[in-house]
Amino acid sequence: MIRNASETNRSRIVLALDVEDPDRDSLLRKSTRILREAAKYTCAVKINRQLVLALGLREGVDTIVNIAHELSLPAIMDAKLNDVGHTNEFMLRSYIDAGFDAVIASPLAGWEDGLDSVFRLANSRGKAVILLVYMSNPGADALYSLRTTPAIGKPRPVFELFAEMAVEWKANGVIVGATKPEIIMRVRELTGRDMAIFSPGVGAQGGDVRRAIEAGSDYLIVGRSIYGDSNPSAAAGRYRDMAM
Ligand code: 3DU
3 MIRNASETNR
13 SRIVLALDVE
23 DPDRDSLLRK
33 STRILREAAK
43 YTCAVKINRQ
53 LVLALGLREG
63 VDTIVNIAHE
73 LSLPAIMDAK
83 LNDVGHTNEF
93 MLRSYIDAGF
103 DAVIASPLAG
113 WEDGLDSVFR
123 LANSRGKAVI
133 LLVYMSNPGA
143 DALYSLRTTP
153 AIGKPRPVFE
163 LFAEMAVEWK
173 ANGVIVGATK
183 PEIIMRVREL
193 TGRDMAIFSP
203 GVGAQGGDVR
213 RAIEAGSDYL
223 IVGRSIYGDS
233 NPSAAAGRYR
243 DMAM
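Quick note on numbering: the sequence shown equals residues 3 to 246 in the working numbering.
This is the structure in structure tokens:
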């Protein structure tokens, strides 16, 4: 679905709809307005747990998901699933029932009784799983670049193991921060051409659109630089053009 939207709108931009407003109705109105205004320059919308907390899934976030679908955009739930199997599965089922097309999961839970249930359920319902491989914030280096000392072979950074897990588990995509073009390049080497690389961190976090795309990102996740602009539609258009 993201490929179709990307081709139709000639866009690699995933709108991160992290809008804030203390008033629930106003938050819902603002979020849907920005989504409608920016839609034609984007290829998907990503929703964080902060919006789920503020709006609830039913008659809240599901309204936004329905609007995304009316606009032919897939909806990604940035749940960063990271728990034991049965609670991951419960959370994912709720998101799927709210209409989401894809979920983001953290590899830290591992496979057995961790993400195995997530992949099983997603596959059975035709949904995508995107694995977090390297975050975009400066503090991420402390863990994601940590070197493991395997019994055999030379030390390797943790993110390389995460990239390999994504391939082994047949993830539909990976997240690698746009602020780290050299890591994007390395992940691309490890995952091959077919894995979709999603990169947050351009604009407000300082990442460069062109460098991320040239390093191998397929999609850029953009939040504040679009929804925080006085003209979200024009801002989305600018990012779309930069990422062509
Ligand atoms: O910095 P922005 O406002 O463009 O938002 C980036 C979005 O991407 C935001 O929704 C955040 O939750 C998400 N994200 C990261 O910023 C970094 C990650 O490693 C993963 C997700």
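The beta carbon of each residue, even a glycine, is placed where N, CA and C say it ideally should be.
Determine the DSSP secondary structure at residue i, reduced to helix, strand or coil.
i, result
"residue 142", "helix"
"residue 245", "coil"
"residue 153", "coil"
"residue 137", "coil"
"residue 218", "coil"
"residue 100", "coil"
"residue 131", "strand"
"residue 58", "coil"
"residue 209", "strand"
"residue 112", "coil"
"residue 22", "coil"
"residue 239", "helix"
"residue 87", "helix"
What are the start and end residues of the alpha helix (DSSP H) that includes residue i?
i, result
"residue 175", "Run containing residue 175: none in the alpha helix (DSSP H); it sits in the beta strand (DSSP E), 175–178."
Between residue i and residue j, what straight-line distance do the alpha-carbon atoms span, to the nearest angstrom?
i, j, result
"residue 11", "residue 182", "27 angstroms"
"residue 162", "residue 112", "14 angstroms"
"residue 241", "residue 15", "7 angstroms"
"residue 244", "residue 153", "45 angstroms"
"residue 158", "residue 147", "8 angstroms"
"residue 166", "residue 106", "16 angstroms"
"residue 142", "residue 150", "16 angstroms"
"residue 80", "residue 49", "6 angstroms"
"residue 125", "residue 56", "29 angstroms"
"residue 168", "residue 239", "31 angstroms"
"residue 92", "residue 186", "32 angstroms"
"residue 97", "residue 188", "32 angstroms"
"residue 207", "residue 18", "13 angstroms"
"residue 95", "residue 123", "8 angstroms"
"residue 42", "residue 84", "33 angstroms"
"residue 20", "residue 52", "7 angstroms"
"residue 58", "residue 155", "48 angstroms"
"residue 109", "residue 82", "9 angstroms"
"residue 144", "residue 9", "37 angstroms"
"residue 218", "residue 160", "20 angstroms"
"residue 234", "residue 224", "11 angstroms"
"residue 54", "residue 87", "21 angstroms"
"residue 221", "residue 246", "10 angstroms"
Please list the terminal residues of the continuous beta strand (DSSP E) segment that includes residue i.
i, result
"residue 200", "198–202"
"residue 192", "That residue, residue 192, is in no beta strand (DSSP E); its alpha helix (DSSP H) goes 183–193."
"residue 163", "No beta strand (DSSP E) holds residue 163; the alpha helix (DSSP H) holding it covers 160–170."
"residue 148", "Here residue 148 belongs to no beta strand (DSSP E), and DSSP marks it neither H nor E."
"residue 64", "Per DSSP, residue 64 belongs to no beta strand (DSSP E); it is in the alpha helix (DSSP H), 64–72."
"residue 125", "Not the beta strand (DSSP E): residue 125 falls in the alpha helix (DSSP H), residues 118–126."
"residue 6", "Segment 4–10 is the alpha helix (DSSP H) holding residue 6; no beta strand (DSSP E) there."
"residue 15", "15–18"
"residue 224", "221–224"
"residue 32", "No beta strand (DSSP E) contains residue 32, which is instead part of the alpha helix (DSSP H) from 26–40."
"residue 106", "104–107"
"residue 49", "46–50"
"residue 80", "77–83"
- Quick check: the segment 163–182 against the segment 133–150, are there 3 or more CB pairs under 8 angstroms? Yes, the segment 163–182 touches the segment 133–150.
- Message: Taking 8 angstroms as the cut-off, does the segment 30–50 touch the segment 221–240 (at least 3 CB pairs, one atom from each stretch)?
- Response: With a cut-off of 8 angstroms, the segment 30–50 and the segment 221–240 count as touching, because enough Cβ pairs lie within range.
- Is there contact between the segment 118–129 and the segment 206–219, where contact requires at least three CB pairs shorter than 8 angstroms? With the cut-off at 8 angstroms, the segment 118–129 and the segment 206–219 do not touch.
- Task: Check whether the segment 89–105 touches the segment 50–70, taking contact to mean three or more Cβ pairs, one atom from each stretch, closer than 8 angstroms.
- Result: Yes, the segment 89–105 touches the segment 50–70.
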